[in-house]
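Just so it is clear: in the sequence shown, position 158 is 158 by the numbering used here, and no numbers are missing.
A virtual CB, placed ideally from N, CA and C, is assigned to each residue, including glycine.
If you're wondering where the values come from, they're calculated on a predicted model, not measured in any experiment.
One structure below.
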Amino acid sequence: MTQPDFSPAADRNKQVILDVLRKVLPESGKALEIASGTGQHVAWFAAGLPQWTWQPTDAMPTALDSIAAWVAEQGLRNVRPALVLDVMAPQWLPADAQFDLIYCANMLHISPWATCAALMQGSARHLADNGVLVTYGPYLEDGVATSEGNLSFDQSLRGQNPAWGIRRREDVEQEAARASLRLRARYAMPTNNLLLVWSGALHQP
Ligand SMILES: C[S@@+](CC[C@H](N)C(=O)[O-])C[C@H]1O[C@@H](n2cnc3c(N)ncnc32)[C@H](O)[C@@H]1O
């Protein structure tokens, strides 16, 4: 069995994110995770929200073994085998696949800006009427002083790849609106991150 990859950041933030998911989500449902990375988040959330079923995915085929290893280590039965899913693909999943939660953490700043429109459009296609998209990560916001930490993180991202960088929340909202999704809730999280909850017109809070 492959040794699971370990992200110290995912280990630090998994519980605070789960605490918000518990507030925001109903008791049970079907979740699609975009950009699962190591698989630490999906394993933690699936254990903490056992009435939910989880579909992890990542653009990188090399991520799948680590996700499977975390799921196996926890003995989880409510996580489906991880799939390769690049948000830029015109079709993500069968057209009738619907989810009550689409969750995407820490992808928008580590991928080209076009992934934001792709995330919003794909989520609009696959969210159930009452479903929510949850995004988590660092954002810049108009009228909110950017922390030193986020400024230097943004510079280091752009140094690694000029197409990367921390996104303006207002720009993300514009892409969401093009997909008929609206920002419903904003949670300030530790270390200058935000957890944002998005949904479509049919959503009943
Ligand atoms: C910083 S990691 C975040 C992993 C995990 N969500 C977390 O918060 O620990 C960014 C992830 O985004 C994935 N990613 C990048 N571009 C993507 C795309 N176009 N579609 C789906 N996933 C993508 C990468 O493969 C990587 O696993």
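Inspect the beta-carbon positions of Ala10 and Gln55 and report whether they are closer than 8 angstroms. no
Among residues of its own chain, excluding the 5 on either side of Pro61, which ones have a beta-carbon nearer than 7 angstroms to its beta-carbon? Val84
Where Asp86 and Glu148 are concerned, what is the direct C-alpha to C-alpha distance, given to the nearest angstrom? 32 angstroms
Under the criterion of a Cβ to heavy atom distance below 7 angstroms, does Leu85 qualify as lining ligand 1? yes
If we count the other Cβ atoms within 10 Å of its Cβ and call it buried at 16 or more, is Asp19 buried or exposed? exposed
For a quick check, are the C-beta atoms of Trp257 and Gly137 less than 8 angstroms apart? Residue coverage of the chain in this structure runs from 1 to 205, which leaves residue 257 outside it and unanswerable.
Considering only the alpha carbon of each residue, which of Ser199, Asn192, Leu127 and Gln3 lies closest to Ala177? Ser199
I'd like to confirm something about Asn106: is its beta-carbon nearer than 7 angstroms to some heavy atom of ligand 1, or not? yes
Taking the runs of the alpha helix (DSSP H) that are 4 residues or longer, which of them lie wholly in the region 109 to 197? 114 to 126, 148 to 160 and 169 to 178
Sort out for me which residues DSSP pairs Gln206 with in a bridge. Since the first residue of the chain shown is 1 and the last is 205, residue 206 is not available in this structure.
Ligand 1 heavy atom lying under 7 angstroms from the CB of Gly37: yes
N-terminal and C-terminal residue of the beta strand (DSSP E) that Asp100 is part of: Phe99 to Ala105
Cys104 versus Ala163, Thr53, Met120 and Gln98, residue with shortest Cα-Cα distance: Met120
Among Pro8, Ser28 and Asp5, which one has its Cα closest to the Cα of Asp100? Ser28
Could you pull out every residue in the same chain whose Cβ sits closer than 7 angstroms to the Cβ of Pro50, ignoring the five residues on either side in sequence? Asn78
Beta-bridge partners of Val16, as assigned by DSSP: Per DSSP, none; premise fails for Val16.
Taking its Cβ as the centre, do 16 or more other Cβ atoms sit within 10 Å of Ala97, making it buried, or is it exposed? exposed
At a cut-off of 7 angstroms, is Ser7 close to ligand 1 when judged by its beta-carbon and the heavy atoms of the ligand? yes
Is it true that the CB of Arg167 sits closer than 8 angstroms to the CB of Leu140? yes
Can you look up Leu83 in the DSSP assignment and give me helix, strand or coil? strand
Let me check understanding here. Comparing Cα to Cα, which of Ile102, Ala63, Met88 and Asp129 lies closest to Trp52? Ile102
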